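Those protein sequence lines, which keep their order, are chains A, B and C. Numbering (this note's numbering) for the first sequence: 80 to 453. Numbering (this note's numbering) for the second sequence: 80 to 453. Numbering (this note's numbering) for the third sequence: 80 to 453.
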Amino acid sequence: MPLSQTVAPVSRKTTETFGAESKTLGQQYFVSPEIFAKEQDRIFSKQWVLVGHQSQLAEVGDYFVVVVAGESLIIVRDQKSVIHAFYNVCRHRGTRLKEDTCGHGSAIRCPYHAWTYGLDGRLIGAPHMDQVQDFHRGDYSLHAVNVAVWEGFIFTNLADSPAPLDEWFAPLNGKFSHWNMPILRAAKRIDYDVKANWKLMFQNYSECYHCPGVHPMLSKVSPYDSAENDLTEGPFLGGFMKINKGAGLTMSGQACALPVGKIENLQEVFYYSIFPNMLLSLHPEYVMVHQLWPQSPERTLIMCDWFFHPQAFEREYFNPEDAVQFWDMTNKQDWRVCELSQQGIASRAYEPGPYSPRESIPAAWDGYYLRFIT
Amino acid sequence: MPLSQTVAPVSRKTTETFGAESKTLGQQYFVSPEIFAKEQDRIFSKQWVLVGHQSQLAEVGDYFVVVVAGESLIIVRDQKSVIHAFYNVCRHRGTRLKEDTCGHGSAIRCPYHAWTYGLDGRLIGAPHMDQVQDFHRGDYSLHAVNVAVWEGFIFTNLADSPAPLDEWFAPLNGKFSHWNMPILRAAKRIDYDVKANWKLMFQNYSECYHCPGVHPMLSKVSPYDSAENDLTEGPFLGGFMKINKGAGLTMSGQACALPVGKIENLQEVFYYSIFPNMLLSLHPEYVMVHQLWPQSPERTLIMCDWFFHPQAFEREYFNPEDAVQFWDMTNKQDWRVCELSQQGIASRAYEPGPYSPRESIPAAWDGYYLRFIT
Amino acid sequence: MPLSQTVAPVSRKTTETFGAESKTLGQQYFVSPEIFAKEQDRIFSKQWVLVGHQSQLAEVGDYFVVVVAGESLIIVRDQKSVIHAFYNVCRHRGTRLKEDTCGHGSAIRCPYHAWTYGLDGRLIGAPHMDQVQDFHRGDYSLHAVNVAVWEGFIFTNLADSPAPLDEWFAPLNGKFSHWNMPILRAAKRIDYDVKANWKLMFQNYSECYHCPGVHPMLSKVSPYDSAENDLTEGPFLGGFMKINKGAGLTMSGQACALPVGKIENLQEVFYYSIFPNMLLSLHPEYVMVHQLWPQSPERTLIMCDWFFHPQAFEREYFNPEDAVQFWDMTNKQDWRVCELSQQGIASRAYEPGPYSPRESIPAAWDGYYLRFIT
């Protein structure tokens, strides 16, 4: 069901009446090591998770390293331009192969005893091992991980035989084509180390009830009550908000780059959460993407990228920092209240509280999440 | 049983004969996470604990934040001048309400979604919640904690229905009235982070057997063998020591302020431990109070306040640093040997050792403590 | 069975054929807290472990402090020149007696209440304890630990009644006499904090298969394939490597001191591992000794000493830094790959990999180690 860029307004309204039964998750979901382990096992080790964008692997031999569910993975483009994902572990004595976060090379050589693998993972060199009886190089390829691309974004899945990524994203087919995401390039990445459970960031992202108090500058240019949702249940949730005439989501209030595509309405911004670790914010002239990486019940690493049209980089008026600084400020305002929530929820006095009508998407996110845990 | 300031000398002597059976506590009491959890549950979550002094809440709307048994509490004076204690947790999504350690305000507003509570804890504002069926503000007051005042000091109790604070302190009724504690004001607070079990600080405070080796300056002005005890069992323990003629417990050896009250004998200092987290040191011209906050079996935060008569602050010869520096030096000497004890006790070679006759108060403290744990 | 310094070449060759069944240890041996606890209990608390060299206790009253299996020990030379080892714990209230790492004194006095012990561990002073019924000083000597010396090196054993150290080292009787180890003196100690399991350092030390990639400078002067092993099973493992003519294992390539003894062949260096915590590297002009101290499954402290002939210190051309810097560089190259192995082995993708013919000593070490754990 391809949706137009302006989004079919099936449920384009906030709920008017709202059941009193909708409450926040119990304390254990935010502090329990057992539930955290379950999440890492059932969600981050079994679902497709965002790890990057294909622009990070522009050339044959480019690679980058990510950590998924505690596992270091090498994502690499091979000589045939195919993207692979491998566990970052030598088959000889288990040595970590790549220490750096990204790089380029024609092969993967272990720094310890120089066992060498092709970019497709096959063992192509192992000194002195020909003297070992019954040793066959073919038995010692790097361990591979499922990898696939959606709209230019690279996802991996640690499960043995997961359903294809295309199937997973079928409901969103074509919905974002106006934003040209496969060809975009990142101008900036900022990493955040947040002392809060990863779910609090989803709940925070999914409502603007908090905007008046937390984001004075954002609220000035994008009214908090202009939020309307078009995806209201399942793994993909969100909608859009209006930007005031003559305003923009940058420090200057001006557009900071040429549009990423044929965007009809320049006064709208779209916010979607993609279960389990992607926040997708679609602006007229840039796409902002958060990756969320839970580290413990109380800590999450967040990587935020700002993507622009490749031609934007060559224009004189290109000023990505204008958007980056605006959102870096806004991100930090959000992480602060998420950290305060984490602190309060850990109290024996905490009990699930009532969601407001402006928090229907967090409630929907909780509901989808609970399917994996209970 | 009001006691005179010079204290009825019921047992005003050190024990002459001393049973060989009196030994230090076993290792587990200093290192076991299970016993630590028991202490937090049975003592710090069920007993009255010192959290501050009413001078910290001089005005309506003044508040401060403390952590009791891992729980952040807001202590606040309301419009009717009543002191309240609340869990620092918003009833909406659990957010920590106050991040600062103290401040002033006419209401308590959540930094996340602006839910607002009166100084008496009642929910007085919750945007959009009127749209929620069956939502009643009266159901969402802040969770309250028992609070009461003794001699100007504020105590809280996390238990549901504890015996009144007055009952607890009845045995000390009037004993300290000469020191005017309700009207005193603190000139200084110093925080200490000590890598030792909290009980070691009580045992350290309760004897001067260690003074010759550990406190050369103190021992010079206040002979270690002048210690006499008047409270020798139960939750309140201690006695007094002499100060040499012409000497004082300050760096200069001079009095550093006018007396806190009508103190008969200026050559005596009184030391009492108040179970479970208060050390009360009564000097002629100042009152020093330690709060002990166990953080783990091996770590304790200690806050030390020095209180003076409010009129002392206006006198020309007022020099509180003269006392503060003396005791800061002495405190640190004590924390060092407590840390060394913690290290040694953790050894497999440790076994309970024999208390000397000079350590009858530590032995009594251990005995009272054990009632809660065994 | 005394072996000559040039070593009887019983098995002086690398294995030509090598069984395919020889594989690295399973993941649990490198990450499991349970196995770590077993190692601390069965190996580090029951076996003789290296703690230092008698040159550290040159005078009566000299002492140093070490930590064995989490236990702080005082190693001290008493008035009769006998070396003792004691738990660093006062018998009164458990206080750590010595905070410093080494020093000198005529007695051991507790810093808390001044209980005082002779250098032989007997309690010789305890103020006021004569007032305690049935208190006998003789009952409160310091707790002693087994201690013995081999070739000048001091070993302790926390077991109750271990077999004598001489018996343990009987197979090496006289093997190293040419190096004069009892009279050597250390010119330098360097401590390393390595984020890797201690066994990885033994496995690393025991093969030079990694040398071409990891140690370019070492490989240039000492060919990796010149390694020949003479001790190939049991607690003592190793052999020797050749040094190229005109080269040396120093930064300059020159000898940096006079020989430690009557070394026949100046172009050979001997490398032995002594289970469980000693690496013994015998050069013509210095002896390098590593002590390995496991801190957790993932962390090891390593102390490396460089010993020279006492007369070397007086010679003009004595330049110990020439050797120290060479090996400090080489040590750090080794610790890096050990840390990378630790990281990779912790992955779910790790599985035991095949040892090459050049890794027969690591395989033998694993086999000996497993006797204690399985």
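Ideal Cβ placement from N, Cα and C applies to all residues, glycine included. All figures in this text were calculated on a predicted structure; none of them were measured in a lab.
Distances from the alpha-carbon of THR103/A to those of LYS278/A, LEU251/A and TYR191/A put LYS278/A closest. Judged by their CB atoms, PHE115/B and PRO441/B are not nearer to each other than the 7 Å cut-off. TRP127/A carries a coil assignment under DSSP once its states are collapsed to helix, strand and coil.
Between PRO389/C and PRO363/C, the gap from beta carbon to beta carbon reaches 7 Å or more. Straight across, the Cα-Cα distance linking ASN323/B with TYR284/B is about 20 Å. Here the C-alpha atom of LYS159/A lies approximately 12 Å from the C-alpha atom of GLY197/A. Chain-order list of chain A residues neighbouring THR453/B: empty, with the shortest C-beta distance near 25 Å, by a criterion of under 9 Å. Residues ASN276 and ILE424 of the same chain have their beta carbon placed closer than 6 Å to that of PHE109/C, with the five preceding and five following residues left out of the count. Along the segment 278 to 305 of chain B, the positions whose C-beta sits under 8 Å from a C-beta of chain C are GLN282, TYR288, HIS289, PRO291, GLY292 and VAL293, read in chain order. For the pair VAL226/A and ILE122/A, the Cα-to-Cα distance works out to about 16 Å. The Cβ atoms of ARG170/B and ILE162/B lie no closer than 7 Å to each other. With a threshold of 7 Å between beta carbons, ARG264/C makes no contact with chain B. For VAL147/C, the closest of SER439/B, ALA428/B and GLU438/B by C-alpha to C-alpha distance is ALA428/B. Within 7 Å of the CB of ARG437/B, the CB atoms of chain C belong to HIS207, in sequence order along the chain.
Here THR180/B is not bridged, per DSSP, to any residue. In summary, the residues of the segment 208 to 227 of chain C whose CB is separated from some CB of chain B by less than 8 Å are MET208, GLN210, VAL211, GLN212, ASP213, PHE214, TYR219 and HIS222, in the order they occur in the chain. Within the model, the alpha-carbon separation for LYS177/C versus LEU380/C is close to 20 Å. The straight-line gap separating the alpha-carbon atoms of ALA265/C and SER301/C is approximately 24 Å. The straight-line gap separating the alpha-carbon atoms of ASP141/B and GLY184/B is approximately 7 Å. Distances from the CA of VAL368/B to each of ALA336/B, TYR191/B, TRP406/B and LYS299/B were compared; the closest alpha carbon is that of TRP406/B. Along the segment 417 to 430 of chain C, going in chain order, the ones with a CB nearer than 7 Å to a CB of chain A are LEU419, SER420, GLN422, GLY423, ILE424, SER426, ARG427, ALA428 and TYR429. Within its own chain, the residues whose Cβ lies closer than 8 Å to the Cβ of VAL403/A, once the five positions on either side in sequence are excluded, are ALA266, LYS267, ILE269 and TRP385, listed in chain order. When the five nearest sequence neighbours on each side are left out, the beta carbons in the same chain lying within less than 7 Å of the beta carbon of HIS257/A are those of GLN84, GLY340, LYS341 and ILE342, in order along the chain. Shown here, ASN356/A sits in coil according to DSSP, grouped into three states, outside any helix or strand. For GLY325/B, no Cβ of chain C is located within less than 7 Å of the residue's own Cβ. The contact set of GLY184/B on chain C, defined by CB atoms closer than 9 Å, is empty, because the minimum CB distance reaches about 46 Å. Secondary structure within the segment 300 to 350 of chain B: the beta strand (DSSP E) runs of 3 or more consecutive residues, fully enclosed, are 307 to 310 and 315 to 321 (chain order). By the rule that beta-carbons nearer than 7 Å mark a contact, GLY105/B does not touch chain C. Assignment of beta-bridge partners to CYS383/B by DSSP yields ILE269/B and HIS369/B. Contact residues of the segment 150 to 162 of chain A toward chain C are GLU150 and SER151 (C-beta to C-beta distance below 9 Å). Around the beta-carbon of MET208/B, 16 or more other beta-carbon atoms lie within 10 Å, marking it buried. Annotation: Cβ neighbours of CYS169/C in chain B (cutoff 7 Å, chain order): GLY423. When 8 Å is used as the limit between beta carbons, GLY432/C is near these residues of chain A: CYS169, ARG170, HIS171, ARG172, GLY173 and TYR219, in chain order. The bridge partners DSSP lists for TYR166/B are LEU152/B. When CB distances to chain C are screened at a threshold of 9 Å, the residues of the segment 124 to 138 of chain A falling below it are SER124, in chain order.
Its chain contains PRO250, LEU251, TYR351, SER352, ILE353 and PHE354 as the residues whose beta carbon lies nearer than 8 Å to that of PHE315/A, once the 5 sequence neighbours on both sides are disregarded; these appear in chain order.
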